[in-house]
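Since the structure comes first, as structure tokens, the remarks are kept for the end.
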Amino acid sequence: MNIKYAISDTVVMTDRVLKQMLRSPDTVITVLIMPIMMLLAMRFVFGGAMNLGGIGTADYMLPGIILMCVLSGIAYTAFRLNNDVQKGIFERFHSMPIAKSSILGGHVLTSVISNAVSAAALVLAGLLVGFRPQAGLVGLLLAAAVILLFIAAMTWVSVFFGLIAKSTETSSVFSYLLIGLAFTSSSFVPVGTMPAALAAFAKYQPMTPIADCVRALFLGRPRAGSLWIALAWCVGIGAAFWALSIQAYNQRRK
Amino acid sequence: MNAINVSGLRKSFKAQAVLGGVSFNVKRGEIFALLGSNGAGKTTTVKILTTLLRADEGAAQVCGFDVRKQGREVRACISLTGQFAAVDDIQTGRENLIMVGKLRHLPDPETEAEKQLEAFGLTDAADKPLSVYSGGMRRRLDLAMSMVGGPRGLSNPQGRGVQVVFLDEPTIGLDPQSRLSVWNTIRKMSKSGATIFLTTQHLEEADSLADKIAVLHKGTIAAEGTAAELKKLAPPPKLELSFLEETHMARAREILTEYQTEAGALTLLVMTDGSVKQAAAILYKLESAGIAAAFAQKPPTLEEAFLSIIKEGTK
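Taken in sequence, the protein lines are chains A and B.
Residue numbers are given in this note's numbering: position 160 of the first sequence equals residue 160, and the series is strictly consecutive.
Residue numbers are given in this note's numbering: position 23 of the second sequence equals residue 23, and the series is strictly consecutive.
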């Protein structure tokens, strides 16, 4: 396969999926406005009642809100992909002389781009309401890298569910479960404040080290341990769901 | 060279055999209809020929390329319009066409889109979102997308590009008026030099469009030929007798017990072997009994031809 076509086909496909996203107002509201509203609510409504161990509300919660924002954003990735699978357009693309990688590639790139933009918007909004990162350039770049890796891993989770869901309505249900996972982690409150059983669960599920690591990186605190655990979770989940997705995708021709 | 050669195609899904050895050829430039009822295996055949699905056994060439080993070459010379209008709702008609042109790597997708919009009568709606398109317009856009980079394409002077167009039930779910308009569109597509492979459940559609028809029934080709040839396989004509009174009709049924009959309101359909001798005998009996009756000969409909063909096929 000509590499030039592989790139140009992926550009066309990404342009198509980005258009789908930008032209549907509810998507823009969910992936951009909702997280900012949540940030404001956490900061000004709940924040005053919370004791977060000496860390400012915005400083503590922003990483968790970024995770939540990504988890709701990828629901749309699964939804759009499943819509393509259910409608004939997937088959039309497959009967055309295009680079196969561009068909999923357009959805994956759109998901990464749109979630990265949402995350960046959240950081900017956070700066307005008291988020004060203390990290140096390396720390900030590392935080951005972990967030991007998290987005990529979650995108492949959504690709898998988008491919296998029997209907468009059920294709994004998985994201609610992941959001539940984020709520029962250290994203919004320290694990130590939870009942013992829940705390044990929260400590060992992936969202806690990821949220802890991004927070530590932003705030310039030493949390090398959680960085490696977070990276391992992201790479592991991403690789597993990438493999599952490719298998589900190839199953189609059998 | 044929546009499509198919021999001994077999395909099963789990234990369910869908195609049980399908063979046929499609000549270049003709409109070929694969006719069959729901579940006959039409879509499976289309998917195998368009490289979406692998056959378990058998061979198929499209444009001279093996669908199994030369998928890329096959995809470069075909287009597929599936059962559901495969158009992108969020984009305008023009954007849909330009997207396909770009994916076919045409040098000038914009000009090609303009040309197809004109050819398919969509110029006025070109820049409107698809949500305002009627079912017929969506279908026409769907077909136009199949013809982007097609045989008559400006952007395709060497005669490469789309040569064989696959249409899987192109008129499913359309009202009669849109159906006629799609038929005309398909004829135009054929005139521009494309080979058309279509599937349909309707004999009328196959009869009206196709140069050649293959009847697919339970995964095998039950009959193949022109519409006229297939009609010859139909049962012989029936004799339709109409009466003035119920008593006459009852009497007629008594007289004609040796024949198979079907009663209607003051009419009786008598199955015959199509011979003059038999018709004369029936009419003579009625005349002798003094029952005044009018008669008409009912030629078999295409539907009956179809049913009789698939009945043969199951024997």
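We put the beta carbon where it would ideally sit given N, CA and C, even for glycine.
- Classified as exposed, T193 of chain A has fewer than 16 neighbouring CB atoms from the shown chains inside 10 Å of its CB.
- The residues G162, T168, S171, S172, in chain order, have a CB closer than 8 Å to that of F79 of chain A in the same chain once the five nearest residues on each side in sequence are set aside.
- Taking a cut-off of 8 Å on C-beta distances, the stretch 235 to 253 of chain B touches the stretch 292 to 310 of chain B, as three or more cross pairs fall below it.
- Within the stretch 81 to 95 of chain A, contact with chain B at the beta-carbon level (separation under 7 Å) is assigned to K87, G88, I89, E91, R92, H94, S95.
- Counting along the chain, the unbroken alpha helix (DSSP H) around F218 of chain A starts and ends at 207 to 219.
- From the beta-carbon of V12 of chain A, the residues of chain B found nearer than 7 Å are M99, K102, L103.
- Taking C-alpha positions only, G219 of chain B is separated from S37 of chain B by approximately 11 Å.
- The beta-carbon distance between V157 of chain A and F241 of chain A, rounded to whole angstroms, is 5 Å. This is short enough to meet the 8 Å contact definition.
- Put simply, the CB of R16 of chain A is near chain B, with a gap under 9 Å to one of its CB atoms.
- The Cβ neighbour count for T57 of chain A, taken over all protein chains shown within 10 Å, is at least 16; the residue is labelled buried.
- At least 9 Å separates the CB of M137 of chain B from every CB of chain A.
- For the 9 Å CB-CB criterion, Q86 of chain A and L219 of chain A do not form a contact.
- Fewer than three pairs of CB atoms, one per stretch, sit closer than 8 Å, so the stretch 182 to 196 of chain A makes no contact with the stretch 92 to 99 of chain A.
- Chain-ordered listing is empty here: chain A has no CB closer than 9 Å to the CB of L106 of chain B, the nearest sitting near 11 Å.
- As for any beta strand (DSSP E) of minimum length 3 sitting wholly inside the stretch 130 to 181 of chain B, the runs are 164 to 168, ordered along the chain.
- Note: R10 of chain B is bridge-paired with B:G20, B:E57 in the DSSP secondary-structure output.
- Burial is judged here by how many other beta carbons sit within 10 angstroms of a residue's own beta carbon; D175 of chain B has fewer than 16 and is exposed.
- Between T199 of chain B and V46 of chain B, the C-beta spacing is below 9 Å.
- Counted as a single uninterrupted DSSP element, the beta strand (DSSP E) harbouring G225 of chain B occupies residues 220 to 225.
- T50, T51, L52, L53, R54, R72, R75, A76, I78, S79, L80, T81: these are the residues of the stretch 50 to 81 of chain B whose beta carbon lies less than 8 Å from some beta carbon of chain A, given in chain order.
- Per the C-alpha coordinates, the member of B:T44, B:G150, B:L244, B:K115 positioned closest to G264 of chain B is B:L244.
- For I291 of chain B, there is no enclosing beta strand (DSSP E), as DSSP gives it neither H nor E.
- Residues of chain A whose Cβ lies closer than 9 Å to the Cβ of Q83 of chain B are, in chain order, G88.
- DSSP places K87 of chain A outside any alpha helix (DSSP H), giving it a letter other than H or E.
- For D127 of chain B, none of the residues of chain A pass the 8 Å Cβ criterion, the least Cβ distance being about 14 Å.
- Judged by their CB atoms, E73 of chain B and L9 of chain B are not nearer to each other than the 9 Å cut-off.
- Within chain B, not a single residue places a beta-carbon under 7 Å from that of S111 of chain A; the smallest gap is close to 16 Å.
- Our two residues, R75 of chain B and A60 of chain B, have alpha carbons roughly 14 Å apart in a direct line.
- In the DSSP assignment, Q297 of chain B forms a beta bridge with B:L239.
- Each of A:L122, A:G64, A:V235, A:A143 was checked against the Cα of G180 of chain A, and the nearest Cα belongs to A:G64.
- The three-state secondary structure of V62 of chain B, taken from DSSP, is strand.
- The continuous beta strand (DSSP E) containing A214 of chain B extends over residues 212 to 217.
- Take H107 of chain A, set aside five residues on each side of it, and the residues of its chain with a beta-carbon closer than 7 Å to its own are V17, T77, R80, L81, V159, in chain order.
- Straight-line measurement puts the Cα of A230 of chain A at about 5 Å from the Cα of I210 of chain A.
- Among the CB atoms of chain B, one or more fall inside 9 Å of the CB of Q20 of chain A.
- D26 of chain A counts as exposed, since fewer than 16 other beta carbons sit within 10 angstroms of its beta carbon.
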